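Note sheet for the following structure.
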Amino acid sequence: MGMDQGDARLSAASLGSRIDAGIVGNDGIPPLRRAFARRPPSSPFAMSFPASPARILETKLSPPAIAPTQVLRAAICERIAATAVKLVLVRAPAGFGKTTAMAQSRERIEAQGIATAWITLDRADNDVSRFLGSLAEAALRLGAEEPRGHTPFDAVAALAAHEAPFALFLDDFEVVQEPAVLGLVREIVEHLPRGGKLVIGSRGLPDLGVGRLRARGQLEEIDTDRLRFSLEETGAFFGLRRHQALRALAAEQLSQLHRKTEGWIAAIWLASMALERHGAETGFVERFSGSDRAVADYLAEDVLAHQPPEVREFLLRTSILRQLDASVCQALHPRADGAAILERLAAANLFLTPVSGGEGSESAWRYHSLFADFLRARLAREMPGEIARLHLAASGWYESRERPVPAIDHAIEGGDHPLALGLLDRYAGRFLEQGRMRMLARWFSAIPEHQLRAHPGLQPIALWATCFTHGPWEAMQQLERSGCLDSPTREVRASAQTLIPLLLAMQDRHDEAYEAGRLSLARLPTGLAFADSVLLNAMAHILAVRGDQHEAQRLLDAARREQGDSTFNRMYTESLAGLFDLHEGRLRQATARFRMAVDSTHAVSYNHSHGNAWAGVLYAGSVYEANQLQQAEHLLNVYLPLARDVGLPDHMILSHVMRSRIAFHAGDIDAAFQALTELEYLGHQRQLPRVAAGAKLERSRILLLQGNGPASRDELARAGDEALWERERRQRLPAHDLDYLALARARWEIAFGDARAALAAIDAELHAALAAARVRRALKLRLLRAMALLRTGDAAQAVEEAGAVLKTASQEGFVRLILDEGPAAGGLVQRCAAAMQEGAVAHQGSGDPILGEYVQRLLEAIGPVALPEPADGRTVAVAGETLREPLTRKEIRVLQLLAEGYSNGAMAEKLFVSDSTVRTHLRNINMKLDAKSRTQAVAIARRLGAIR
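Positions in the sequence shown are counted from 1; adding 4 to them yields the numbering used here.
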């Protein structure tokens with residue numbers, strides 16, 4: 005750190021020399037100040053020193069500099085700046101960003117014109133005179149009046165009497181243990197004036213009577229949970245890194261890293277350094293844990309090495325537990341006083357997170373996951389022979405308390421598979437009914453198959469779990485190896501047979517699934533309620549795909565009667581019923597069903613749920629349709645990876661296309677295309693041509709919206725597997741209700757080709773959709789029909805058709821169905837709104853308040869659109885067809901990116917300029933083109949040939 009001109013910021017070497025010279029004492033305080041640091045009889049806390057004393061070390065009195073790569077903790081800063089309490093306590097273990105949050109808050113408060121002062125405490129501040137010296141300097145910086153001559157300066161009294169608002173920050177407060185100094189701080193808090201605020205950063209709970217302050221409403225606590233990075237903040241952190249690989253970290257990797265670190269900032273920072281070395285493609289994120297050397301060293305240095313031997317052994321032995329309470333800890337370490345150690349660790353804030361329990365229940369905690377990983381790695385090194393014994397002791401304790409999940413976990417981790425299988429015999433059926441597929445799959449994957457065969461009743465459960473977590477291909481292979489189809493046990497044989505239609509349908513082999521399902525239906529009932537209900541649901545879906553809605557609904561009703569208490573089958577049934585509603589245009593009812601299906605497996609908190617990717621993706625789709633894009637993206641962060649793992653073709657297409665559209669809407673074009681590249685890769689990897697074709701169709705749509713007709717047409721040609729789309733025409737596949745080849749071709753013809761030919765194709769498709777009661781598809785086709793009419797020059801008929809579409813859509817709240825057609829649909833909505841105002845479409849319901857509010861919402865979402873084309877379809881001429889001032893090469897590049905849909909921020913990143921520079925380019929472009937909006941600028945530039 006450099007030396008400030010004229011101040012006494014000292015390096016270690018210069019400090020040593022000044023101590024030797026008698027200028028500075030061993031505690032860093034000038035002897036002159038110490039000479040006046042006597043307490044006069046008038047005040048116990050007064051300090052005397054000359055009016056212009058030598059300064060205390062500047063580093064103690066200055067917060068750390070705020071680096072441009074730091075994530076702004078806006079919510080925390082706002083909370084600290086806005087609160088009117090006396091004490092703000094920022095409390096968390098090392099590495100949670102306390103100091104950074106406090107420094108940013110100080111800057112926010114100063115920006116409001118409020119004086120602030122900062123003291124970074126160290127162990128030397130346990131000396132009262134040393135602390136009072138720092139406090140006096142801070143009080144002067146806050147604007148307290150300096151003492152005259154040799155008048156004693158009482159810093160505590162000066163702060164109490166200070167009339168102007170101020171905030172005093174004390175960082176690293178955990179080093180203060182001296183009761184006298186703690187008493188001084190308590191006194192400061194008690195006597196703070198109305199506008200005064202004390203902000204303390206500490207790793208532990210300071211002895212400042214915080215309970216009393218809390219009861220009085222005079223305490224604001226910023227704890228570990230508030231300091232953790234959110235997923236968005238983790239993304240912002242990587243976005244601010246200079247290394248390109250970190251800024252391009254995939255959303256799934258980012259989410260996984262955030263989940264593993266639980267928002268612990270130190271671990272995220274250390275992981276970023278490792279990623280800079282290893283790269284995101286090396287699997288580092290997947291392997292990352294508390295055992296990584298950098299994190300392990302950090303923890304060992306800062307936590308474990310400083311613990312007494314008895315606490316250290318307690319930490320190691322109890323590290324195998326996911327939840328800590330006194331009783332189970334005592335079972336693992338009988339010689340220790342578990343309750344006392346836990347209370348001590350909790351008071352010290354030693355990486356313990358309290359776990360809520362019921363009223364009157366025993367207090368419980370858990371270790372931070374990274375800390376637990378490190379402790380377990382150290383346990384394996386120091387006491388390898390104890391690990392199995394500790395796990396079996398824990399399993400026995402949990403079994404005695406009727407807690408099967410941790411009992412099974414510890415039995416497997418301890419290597420006692422017979423014990424685990426015995427417990428599974430008792431409890432696995434219940435977990436299957438609850439839909440806890442991922443948990444079951446995890447357990448069964450840890451048990452050798454030859455041991456599982458000795459428990460025939462568990463084999464079908466293992467197959468169901470594999471099917472709904474790892475996909476139908478792996479489940480089919482497992483089924484063939486298991487011998488369940490030839491099992492001498494009737495229940496095992498029946499359960500395996502009911503699984504086959506589902507596996508085939510999930511592999512996109514619906515015709516084979518139908519044939520196998522007919523045979524299985526003939527064997528019902530089997531007496532196995534879960535298997536029977538899954539078969540009925542699966543066959544309802546297969547029949548719906550084949551177009552037999554009546555029989556599909558009958559089977560769905562039968563599935564409801566069979567499902568009993570099975571939350572999984574309830575999810576399955578309601579999801580299918582929601583799909584039927586959606587295709588028939590009942591969006592509100594479909595959304596309610598999808599929400600019910602998600603809730604049935606306890607996924608409302610967006611946690612990874614128990615195998616319900618089926619419901620989650622569909623619910624995300626209905627939320628997306630309502631234009632709630634942020635919530636849809638949040639849901640996709642959870643359910644897209646699950647859908648990809650399970651391998652459901654329709655769900656993979658729906659989720660990736662949604663992710664691409666959300667990114668495109670946000671102006672992140674690279675992310676939009678990346679989602680489609682991943683989808684296409686999955687289609688080829690899993691030999692699912694329909695999945696790859698779905699990616700190509702959506703890529704064509706984006707290129708069309710970008711105005712790139714040739715590339716859009718080429719992508720359509722790549723997607724044009726006639727055999728595939730002929731099969732799609734005979735089926736009702738969820739992913740292709742609105743996105744299929746015939747519709748995509750009509751859309752292209754409207755934009756770039758023969759709109760009249762498109763009209764004929766749309767009319768044929770519309771007739772087929774209405775005949776099949778595919779109301780949602782018909783609504784989309786009618787919108788395209790209106791767009792085609794406008795393109796052919798029949799503006800009046802186009803507005804009439806679009807008005808009817810809007811009226812129907814308003815009743816159910818369809819939004820993205822309209823908006824996803826881009827500026828062309830936006831222009832139509834504007835024409836309809838104008839016509840409604842003029843009363844030209846009164847018979848369509850221009851006085852309908854629902855319709856009026858709906859159209860207004862659409863207009864707000866659409867924003868300004870390009871210059872409208874005249875009714876006869878001719879292009880609009882620009883005066884002279886030349887520019888008064890030529891566009892620069894940089895402005896042309898900005899226009900190209902603008903035409904492709906990039907946001908200002910994304911353009912700035914691509915061009916390596918600031919956001920303000922991009923805005924300057926846009927202003928210049930609008931001025932040169934005489935454009936009133938971004939879309940108008942693009943339209944004019946294309947007509948002038950400046951861009952394609």
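Ideal placement from N, C-alpha and C gives every residue a C-beta, glycine not left out.
Fair warning: this is a prediction, and the values are worked out from it, not measured in the lab.
In DSSP terms, what residue i is bridged to
i, result
"Thr120", "Ala171"
"Val922", "According to DSSP, Val922 bridges with nothing at all."
"Arg95", "Ser206"
"Leu356", "Tyr371"
Extent of the continuous beta strand (DSSP E) run through residue i
i, result
"Ile204", "Gly200 to Ser206"
Where residue i sits in the DSSP three-state scheme
i, result
"Tyr402", "helix"
"Glu225", "strand"
"Phe157", "strand"
"Asp329", "strand"
"Cys100", "The question names Cys, yet the displayed sequence has Phe at residue 100. Phe100: coil per DSSP, three-state reduction."
"Glu864", "helix"
"Thr530", "coil"
"Met387", "coil"
"Gly137", "helix"
"Thr892", "coil"
"Ile84", "helix"
"Pro72", "coil"
"Asp934", "coil"
"Ala950", "coil"
Own chain, CB closer than 7 Å to residue i, minus 5 neighbours either side, in chain order
i, result
"Arg648", "Met656 and Leu686"
"His545", "Ala509 and Leu580"
"Ala240", "Val75"
"Leu720", "Ser704, Ala748, Arg749 and Trp752"
"Ala950", "Leu891, Ile896 and Leu899"
"Ser15", "Because Ser15 sits at a pLDDT of 32, beneath the cut-off of 50, its placement in the model cannot be relied upon, and the following sentence gives the value as read from the coordinates. Excluding residues within five positions, none has a Cβ falling inside 7 Å."
"Asp512", "Pro653, Leu692 and Arg694"
"Ile118", "Pro169, Phe170 and Ala171"
"Met600", "Glu578"
Same chain, Cβ closer than 8 Å to residue i, neighbours up to 5 away in sequence not counted
i, result
"Arg946", "Gly711, Ala903 and Arg952"
"Pro312", "none"
"Glu317", "His337 and Ala340"
"Leu320", "Leu379, Arg382, Leu383, Glu386 and Met387"
Residues near residue i by beta carbon distance below 6 Å, same chain, minus five either side
i, result
"Glu114", "Thr120"
"Leu425", "His459"
"Arg83", "none"
"Gly200", "Phe170"
"Val898", "His925"
"Ala828", "Met791"
"Asp934", "none"
Enclosing alpha helix (DSSP H) for residue i [first to last residue]
i, result
"Ala350", "Gly342 to Ala351"
"Ala368", "Unbroken run through Ala368 is the beta strand (DSSP E), Ala368 to Tyr371; no alpha helix (DSSP H)."
"Tyr431", "His421 to Glu437"
"Trp268", "Unbroken run through Trp268: none, as it is neither H nor E."
"Ser691", "Note that residue 691 corresponds to Gln in the displayed sequence, not to Ser. Looking at the DSSP string, Gln691 is not in any alpha helix (DSSP H), and its letter there is neither H nor E."
"Gln834", "Pro827 to Glu842"
"Ala945", "Arg938 to Arg947"
"His414", "Pro408 to Glu417"
"Gly909", "Asn908 to Leu915"
"Gln311", "Counting along the chain, Gln311 falls outside any alpha helix (DSSP H), and DSSP gives it neither H nor E."
"Arg497", "Arg494 to Met510"
"Ala148", "Counting along the chain, Ala148 falls outside any alpha helix (DSSP H), and DSSP gives it neither H nor E."
"Gln801", "Ala799 to Glu816"
Heavy atom of the ligand FAD within 7 Å of residue i beta-carbon
i, result
"Ala808", "With respect to the ligand FAD, the structure offers nothing, as it holds no ligand at all."
Quiz prompt | Minimum length 4: unbroken alpha helix (DSSP H) runs contained in the stretch 709–759 | solution = Runs of the alpha helix (DSSP H) lying entirely within the stretch 709–759, each at least 4 residues long, are 713–723, 726–733 and 745–756 in chain order.
Quiz prompt | 4-residue-minimum alpha helix (DSSP H) runs that sit fully inside the stretch 441–491, ordered along the chain | solution = Segments of the alpha helix (DSSP H) lying fully in the stretch 441–491: 441–449, 453–456, 463–474 and 476–486.
Exercise. May I have a chain-ordered list of the alpha helix (DSSP H) segments no shorter than 4 residues that lie completely inside the stretch 639–693?
Key: Within the stretch 639–693, the complete alpha helix (DSSP H) segments of 4 residues or longer fall at 653–669 and 673–689, listed in chain order.
Quiz item: Fully enclosed by the stretch 563–608, which alpha helix (DSSP H) runs are 4 residues long or longer?
Solution: Listed in chain order, the complete alpha helix (DSSP H) runs (minimum 4 residues) inside the stretch 563–608 are 571–587 and 591–604.
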